[in-house]
Amino acid sequence: MSEKNRCNWCVGNPLDEEYHDNEWGVPLHDDQKLFEMLCLEGMQAGLSWSTVLKKRAHYSKVFENFDANLVSQYNQQKIEELLSDPGIIRNKLKVNSIITNAQLYLKIQEEFGSFDKYIWQFTAYKILQGKRKLDSEVPATSSESDLMSKDLKKRGFKFVGSTICYAYMQGIGMINDHTMDCYRYAELS
1 MSEKNRCNWC VGNPLDEEYH DNEWGVPLHD DQKLFEMLCL EGMQAGLSWS TVLKKRAHYS
61 KVFENFDANL VSQYNQQKIE ELLSDPGIIR NKLKVNSIIT NAQLYLKIQE EFGSFDKYIW
121 QFTAYKILQG KRKLDSEVPA TSSESDLMSK DLKKRGFKFV GSTICYAYMQ GIGMINDHTM
181 DCYRYAELS
């Protein structure tokens, strides 16, 4: 069997390849998964996505499967417990951001009816097609990620700069940024 042609960023790392093949760029509309991915993208700031993927299962365990109703209630004792857990990225600002963002995420659900309805407005509820030939052509930000970042920040969200928002958009399938020679590009077009 011949090896599938994939985006260069994932090749050679089984965990990255599995994520690339099964999740990255697949349109996501489940509110809880959208919240999980927003949290994980924020944890990536300054680190590699591989680092976050390696810790993903543990994040899910200690953050109650990213149940925002539970996470939004975390107190100082729980924060201290999290900050002493070597299974996650023990950055106080990042840990606190998940709790803050959970509280704000719940407000958005209340305002819009769902987080899905809110977040997909930034691409007019459409999947943008990247049409990139090379990984080097993929931008770090876009006008859509700029708008998303600006609105999330205005609402008080943390770790939601335009670069993080763009990576989030790629991950949840708002933009198909698989390179055109990647087998997933056509499958998701």
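Here our numbering is used: position 152 in the sequence shown is 152, and no number is missing along the way.
Ideal Cβ placement from N, Cα and C applies to all residues, glycine included.
These numbers were taken from a predicted model, which means no experiment stands behind them.
On the three-state DSSP scale, how would you describe residue i?
i: isoleucine 175; result: strand
i: glutamine 32; result: helix
i: asparagine 101; result: helix
i: arginine 155; result: coil
i: arginine 132; result: strand
i: tyrosine 125; result: coil
i: serine 142; result: coil
i: tryptophan 9; result: helix
i: glutamate 137; result: helix
i: cysteine 39; result: helix
i: valine 180; result: It is methionine, not valine, that sits at residue 180 in the sequence shown. In this structure, methionine 180 counts as coil in the three-state DSSP scheme.
On the CB-based measure, 16 or more other CB atoms within 10 Å of its CB, does residue i come out buried or exposed?
i: glycine 113; result: exposed
i: glutamine 170; result: buried
i: glutamate 111; result: exposed
i: histidine 20; result: buried
i: glycine 87; result: exposed
i: glutamate 187; result: exposed
Tell me which same chain residues have a C-beta within less than 6 Å of the C-beta of residue i, skipping the five on either side of it?
i: threonine 141; result: Ser162, Thr163 and Tyr166
i: valine 52; result: Leu40, Met43 and Gln44
i: glutamine 103; result: Ser72
i: methionine 174; result: Thr123
i: leucine 93; result: none
Among residues of its own chain, excluding the 5 on either side of residue i, which ones have a beta-carbon nearer than 8 Å to its beta-carbon?
i: arginine 6; result: Glu17, His20, Asp21, Cys182, Tyr183 and Arg184
i: glutamate 23; result: Gly171
i: aspartate 67; result: Gln32
Between residue i and chain C, is the shortest Cβ-Cβ distance under 8 Å, so that the two count as touching?
i: alanine 140; result: No chain C appears in the structure shown, which is made up of a single protein chain.
**Continuous beta strand (DSSP E) assignments of at least 3 residues falling wholly in the segment 41–128** = For the segment 41–128, not a single whole beta strand (DSSP E) run of length 3 or above is found.
**Request:** Specify whether the segment 124–141 and the segment 98–105 touch according to this definition: at least 3 beta carbon pairs, one from each stretch, less than 8 Å apart.
**Result:** No, because fewer than three Cβ pairs between the segment 124–141 and the segment 98–105 fall closer than 8 Å, the two stretches do not touch.
**Request:** Determine, using beta-carbon pairs with one atom in the segment 70–89 and one in the segment 145–155, whether at least three such pairs fall under 8 Å.
**Result:** No contact exists between the segment 70–89 and the segment 145–155.
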